[in-house]
Each structure stands twice: as C-alpha cells, then as structure tokens.
Amino acid sequence: MKLIKRAFALAVLFMVSVTAVAAERPTPVENFKFKDMDGNSHQFSEYRGKWVIVNYWATYCGPCIAELPALNSVAKRFKDKVVVLGMEAGETPAAELKQFVAQKKITYPVIPTQDSTMFALGLLYGVPTTFVVNPQGEIEGTHMGAITSVMLQNYLRNDKSATASKETDANCITGVC
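Going by mature numbering (1 follows the signal peptide of the UniProt record, and there is no 0), the letters in the sequence shown line up with residues -22 to -1, 1 to 155, in that order.
Laid out in structure tokens, this is it:
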C-alpha cells in the first residue's frame, strides 16, 4: 500500500500544478475531529474566525518538502489570523514523523494520518494539496502542487480586515518561500 502511495506521489511530481478556483459560493467545511502528534484531540471548528491553511503532504514527497518554508513563513508572519495545519498523508510512523518535523523545523501543527482527516475537505488526487478555508469556515480555494508564500498571501489579501497581509513577505524574494 505504501509503495502505491509513493508511486502516486511521484506521478504527481510530473503533473503540472493546477489551481482550482473556488466556485462563486464557497463550500462550507463540516466539523471533524482529529488528534495532533502528541495525541491531543481537536475539532476543526476550534479554528473558526481565522484563516485555516490545510496542507496535505508526505515526508517522501519532494514538492511537499519544497513548500515547507512557505508554510512556515505564513504561519509565523500571520500567526494572529492564520492557522496552518499540516495533514501528513503518507502514513509515516509517529516517531519518524516527530523526527522529521524537528529536523525540518516545522513550526505549525502537524497532524498524523487519520481516517477523519483524509477526505474531510474534499478529494485528494495527490500531494501536496492545499485547502484555504476562510474565517467563516468555507473553502476559498484548493491548490494541487507546491504552493508559495505569495499564493497564500493572495487569499489573505481578500480579507478586508487584514492590514499586515497587504505587505509582501520581505524574507521571500523568489515567491517560493
């Protein structure tokens, strides 16, 4: 099974990144429960009132690893208005996942593979796949392929209450971080 998932992830490497534009009416996210790496229980509804960036990824996925700096940057820079959730989709064992998170200095919550999370926001055709959920709990956009800091900030710019999001990331020259 793991071999099939890895082969699928590799096939995604050769695909062109496709951005799905949200429909005129954003899709509401149903509340779901999940556990973090430490075993603490959470509900998606806890994040209501903030933007939530839900990134499905795997430790063996090259594009997933390439987008980690962008996700870290957005999580740090917009910590008062954005929550980034890293939904690990590669069934990596807990100890290995914790070691990976520490090694890559991931600063946002990483959620191990769980039945409740795998299709909670929609179908996954590969990793990385990112869902952007607005403060009202509706999916504003979906992106398949590596995402950049600039792409994420474009969603945040649509938030009329945002002030800091109107700036560009000073540490991100290429738009990939």
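Think of the CB as a built atom: it goes at the ideal place given N, C-alpha and C, for glycine as much as any other residue. All figures in this text were calculated on a predicted structure; none of them were measured in a lab.
Query: With respect to the beta strand (DSSP E) encompassing Ser19, which residues constitute its N-terminal and C-terminal limits?; Result: 19 to 21
Query: Considering only C-alpha positions, which residue in the set Lys28, Val111, Lys82, Thr70 is nearest to Thr5?; Result: Val111
Query: If you measure between the beta carbons of Thr95 and Phe10, is that distance less than 8 Å?; Result: yes
Query: Using 10 angstroms around the beta-carbon of Ala80, count the other beta-carbons present and answer buried if the total reaches 16, otherwise exposed.; Result: exposed
Query: Using a 10 Å radius around the Cβ and a threshold of 16 neighbouring Cβ atoms, would you call Ser23 buried or exposed?; Result: exposed
Query: Please identify the residue among Tyr86, Leu102, Lys28, Phe78 whose C-alpha is closest to the C-alpha of Ser51.; Result: Tyr86
Query: Relative to the C-alpha of Leu46, which candidate in Val88, Tyr25, Gly119 has its C-alpha closest?; Result: Val88
Query: How long is the line joining the alpha carbons of Lys82 and Asn132, rounded to whole angstroms?; Result: 25 Å
Query: If you follow the beta strand (DSSP E) that Asn33 is part of, which residue opens it and which one closes it?; Result: 29 to 35
Query: So who's on the other strand from residue 160, going by DSSP bridges?; Result: Absent from the structure is residue 160, since the part of the chain shown begins at -22 and ends at 155.
Query: Any idea if Asn136 is buried or exposed, counting beta-carbon neighbours within 10 angstroms, 16 or more meaning buried?; Result: exposed
Query: Which same chain residues end up closer than 8 Å to Lys28 when comparing Cβ atoms and leaving out the 5 residues on each side of it in sequence?; Result: Lys59, Val60, Val61, Pro113
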